[in-house]
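Asks: The opening position of the sequence shown corresponds to residue 124 in this note's numbering, with each subsequent residue numbered one higher. Heads up, the beta-carbon is just placed ideally off N, CA and C, and yes, glycines get one too.
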Amino acid sequence: MIRELSAFLQSQRRAALRDLAYRFDIDAEALRGMLELLERKGRVRRLAPGTNCRGCCQCDPTQIELYEWQD
């Protein structure tokens, strides 16, 4: 699962936690644990609240938990 998550983030560059949970059909809390592991390894970083996801711009950026792949 971590490999799939890593590959997805690497290809998309940035994704919201709720979108990842929907994409992988997994509880957001379980997914957050995987993302924290990848963050400790320097593979992803959690973006500051209020950061725009570069998507549709219809969501409140302060309510979105975003993660970004780090090369």
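Let me know if Tyr190 comes out buried or exposed under the rule of 16 or more other beta-carbons within 10 Å of its beta-carbon.
Replies: The residue in question, Tyr190, is buried, as its Cβ has 16 or more Cβ neighbours within 10 Å.
Asks: Hey, out of Tyr145, Leu161 and Ile187, whose CA is closest to Leu170's CA?
Replies: Closest option to Leu170, Cα to Cα, is Ile187.
Asks: Quick check: Leu132 and Met157, are their CB atoms within less than 7 Å of each other?
Replies: In this structure, Met157 does not lie closer than 7 Å to Leu132 by Cβ.
Asks: May I have the straight-line CA-CA distance separating Asp148 from Leu154, to the nearest angstrom?
Replies: Straight-line Cα distance between these residues: approximately 10 Å.
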